[in-house]
Each structure stands twice: as structure tokens, then as C-alpha cells.
Amino acid sequence: MMKTTFRKRKNGLPIILVMLFSIFCTPAFSEITANPKNNFCFKPGEKLSYKLCWGLIPAGFAELSVEPPKELDGETALHFLLTIRTNSFMDHIYKVRDRIESFTDLELDNSLLYIKNQHEGKTIRNISVNFDLENHTATHINSWEKREPIPISEKTLDPLASLFYVRNQPLSEGLEITRPVTDGKKNVLGVARVIKREKIQVGDIEYDTFVVEPDLKDVRGVFEKSDKSKLTLWISADDRRQVVKIKSKVVVGSFTGTLIN
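Take the sequence shown: its letters are residues 208 to 468, numbered as in our numbering.
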């Protein structure tokens with residue numbers, strides 16, 4: 208079985224896109240495209256919108272985007288953004304307004320900063336995870352509480368960055384992708400497996416896709432560990448490798464996210 212390295216982080220409802228996605232004209236972007244190491248399948252300005260359903264019930268929308276590179280402590284960083292919101296109907300049951308940002312080095316090797324502004328039901332958190340690459344540590348800060356730094360491996364990514372890392376791999380049937388991932392509380396080895404190649408219909412469009420299943424054993428929140436917890440991604444088999452469909456079976460039921468743009 209082929210292997211490559213990949214790091215992944217844990218998340219709650221957001222990894223439904225996890226899993227769960229403009230305008231750019233900056234000198235930093237020119238620097239990125241000029242570097243042959245950074246031949247990414249995505250680029251600043253990409254914006255993918257998804258319709259979320261809870262079973263057959265429309266539940267909300269999510270958007271995954273590649274933002275223009277940003278200066279972070281004197282270093283130019285890749286910038287990824289995921290927003291998730293429930294619709295007016297679901298707001299009465301379980302309101303979600305999440306905004307998640309990931310900043311990595313230009314090679315997409317190391318996360319530099321991870322930010323999660325989370326509003327899920329009655330839970331409101333403003334979380335940041337700062338990555339110290341020199342000392343190989345990550346520090347989790349939740350508004351009023353700063354945890355002790357935890358040791359991390361080299362080339363560790365946050366959950367959102369790990370999704371883009373998986374997308375950027377030359378996918379093939381049987382491929383297993385592994386990478387250290389941390390949420391600032393725990394450092395784990397994330398695993399994603401390419402199960403098969405499959406054609407699927409999304410709206411009026413037929414996509415040739417790779418079916419990818421991340422390992423959820425270290426994921427908490429909505430994806431609370433259970434024998435039936437499962438997350439499946441359908442990633443297009445073309446050069447863009449877009450996530451066109453997401454399906455999850457979790458404690459609270461079944462969720463589906465489908466690309467609408």
C-alpha cells in the first residue's frame with residue numbers, strides 16, 4: 208500500500224466539511240506561484256460552497272475558501288477559511304455559526320496558527336492554537352484559559368490545513384495518507400485512506416471522484432467516538448481535486464454536504 212505523510216486535527220461539527228471551503232493580487236501570491244515546490248491544486252480565490260442536510264432536512268450552508276496569503280509575525284503564510292452556519296429552521300434546534308481559520312507555511316508543511324470562533328448551540332468559544340516551530344510546541348488558548356504548551360512532531364498540521372494537504376496529494380486507490388495533527392490539546396497521527404474511485408451525481412453534474420475516509424478515532428464533539436461514527440469524502444479525480452460531497456454517520460444522526468457552486 209502506498210504511503211505519504213499527512214497531519215490532521217480534530218474538530219466538532221466543522222469537520223463535516225472537515226470537513227469540512229475574491230480577489231487576490233498580492234506580491235506574496237506571486238512568490239507562491241513562482242516556487243515549483245508549491246504546485247498546489249488550489250490557489251487564492253478558490254471558494255467552494257456546500258449545502259448541508261441532516262438526513263433529508265436542509266440544515267445550513269458551509270463555505271471553504273483559500274484566502275490571499277497573509278503576513279504572520281514577519282512570515283508569509285497560506286490562509287484557509289471555513290465558515291459554517293445553520294439555516295433559520297435548524298437555528299431553533301441547534302444553532303451553528305462557526306468560523307475556522309488556518310495559517311501555514313508556504314510549503315503547507317507546518318501550521319503556524321489555528322483559530323476557531325465557535326457558536327454551536329449554547330457553546331460559544333474563541334480558540335486559538337499557536338505553533339512554535341523552533342521549540343516544537345503548540346499552545347491552546349480558549350478566551351480566558353491558556354493551556355501549557357504541548358510537544359508536537361515536525362510537520363504538524365491543524366484539522367483544516369490537513370484537508371487541503373489531503374487534496375493536494377496525487378490520490379490513487381489504496382493510498383493511505385498519514386500526518387501528525389494537533390488541536391493544541393493532543394497530538395495524534397491522522398490517517399486518511401483512499402477507498403476507491405467512483406462516479407457520483409451532484410445536482411446536474413457527474414463527477415469522477417476518489418472516495419476518502421479519514422480515521423475518526425481521535426475526533427470528539429459531534430463525532431463522538433462510537434462504533435458507527437464514519438466520515439466519507441468524495442474528492443474530484445481531476446487536477447482541482449475539489450471536495451464535492453461529504454457524508455457522515457455520527458451520534459446525532461447522518462449529515463451530508465454537497466457542492467453547490
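For glycine and all other residues, C-beta sits at the position ideal for the given N, C-alpha and C.
Tell me, to the nearest whole angstrom, how far the beta carbon of residue i is from that of residue j; I am working on the premise that it is less than 8 Å.
{"i": "D415", "j": "S369", "result": "Going by Cβ atoms, the distance from D415 to S369 rounds to 24 Å, so no, they are not a contact pair."}
{"i": "S272", "j": "L288", "result": "5 Å"}
{"i": "E413", "j": "K406", "result": "6 Å"}
{"i": "L255", "j": "V419", "result": "Their Cβ separation, rounded to whole angstroms, is 16 Å, which puts L255 and V419 out of contact at 8 Å."}
{"i": "G328", "j": "Y301", "result": "5 Å"}
{"i": "F268", "j": "F371", "result": "Contact flag wrong, Cβ pair sits at about 20 Å."}
{"i": "V378", "j": "L320", "result": "Note that residue 378 corresponds to Leu in the displayed sequence, not to Val. Rounded, the Cβ-Cβ distance is 28 Å, inconsistent with contact."}
{"i": "P251", "j": "E274", "result": "6 Å"}
{"i": "K452", "j": "V409", "result": "6 Å"}
Candidates the options: which alpha carbon is nearest residue i's?
{"i": "V401", "options": "Q376, K392 and V388", "result": "Q376"}
{"i": "I331", "options": "E341, L315, E355 and N349", "result": "N349"}
{"i": "I307", "options": "P366, L255 and V395", "result": "P366"}
{"i": "E341", "options": "K393, K362 and F417", "result": "K362"}
{"i": "T311", "options": "V398, N337 and C248", "result": "N337"}
{"i": "L396", "options": "L378, P421, G381 and Q408", "result": "P421"}
{"i": "S335", "options": "I412, K250 and P356", "result": "P356"}
{"i": "P358", "options": "E352, T344, L364 and G464", "result": "T344"}
{"i": "S360", "options": "D390, G464 and K329", "result": "D390"}
{"i": "V373", "options": "K437, R448, S455 and E380", "result": "R448"}
{"i": "K323", "options": "H347, V388, D316 and T293", "result": "H347"}
{"i": "D316", "options": "D298, I291, M297 and L364", "result": "L364"}
{"i": "V388", "options": "R292, V303, E380 and S309", "result": "S309"}
{"i": "G281", "options": "R292, N468 and L313", "result": "L313"}
{"i": "H299", "options": "E270, I291, A266 and A399", "result": "A266"}
{"i": "T290", "options": "V303, E253 and D445", "result": "V303"}
{"i": "L438", "options": "D411, A399 and L382", "result": "A399"}
{"i": "S318", "options": "T293, M297 and T283", "result": "T283"}
What span of residues does the beta strand (DSSP E) with residue i cover, start to end?
{"i": "L271", "result": "I264 to L279"}
{"i": "F462", "result": "G460 to L466"}
{"i": "A444", "result": "It is not in any beta strand (DSSP E) - A444 carries neither H nor E in the DSSP assignment."}
{"i": "F417", "result": "I412 to P421"}
{"i": "L259", "result": "K254 to W261"}
{"i": "P387", "result": "E383 to T389"}
{"i": "I407", "result": "N394 to V409"}
What residue range is occupied by the uninterrupted alpha helix (DSSP H) comprising residue i?
{"i": "P366", "result": "P366 to R374"}
Assign residue i to one of two classes, buried (16 or more other C-beta atoms within 10 Å of its C-beta) or exposed (fewer than that).
{"i": "I384", "result": "buried"}
{"i": "L466", "result": "buried"}
{"i": "L285", "result": "buried"}
{"i": "S295", "result": "exposed"}
{"i": "F430", "result": "Bear in mind that the predicted position of F430 carries a pLDDT of just 40, short of 50, making it unreliable; the figure below should be weighed with that in mind. With 16 or more other Cβ atoms within 10 Å, it is buried."}
{"i": "L276", "result": "It should be pointed out that residue 276 corresponds to Pro in this sequence rather than to Leu. Label assigned to P276: buried."}
{"i": "D305", "result": "buried"}
{"i": "R386", "result": "buried"}
{"i": "F462", "result": "buried"}
{"i": "L440", "result": "buried"}
{"i": "I264", "result": "exposed"}
{"i": "K353", "result": "exposed"}
{"i": "Q325", "result": "buried"}
{"i": "E380", "result": "exposed"}
{"i": "N394", "result": "buried"}
{"i": "G460", "result": "exposed"}
{"i": "G464", "result": "buried"}
{"i": "N468", "result": "exposed"}
Please tell me whether residue i has its Cβ less than 9 Å away from any Cβ of chain C.
{"i": "I291", "result": "Within the model displayed, chain C is absent; a lone protein chain is all it includes."}
Just list the alpha helix (DSSP H) runs in the stretch 279-346, keeping only unbroken ones of 4 residues or longer that don't cross its boundaries, in chain order. Listed in chain order, they are 295-301.
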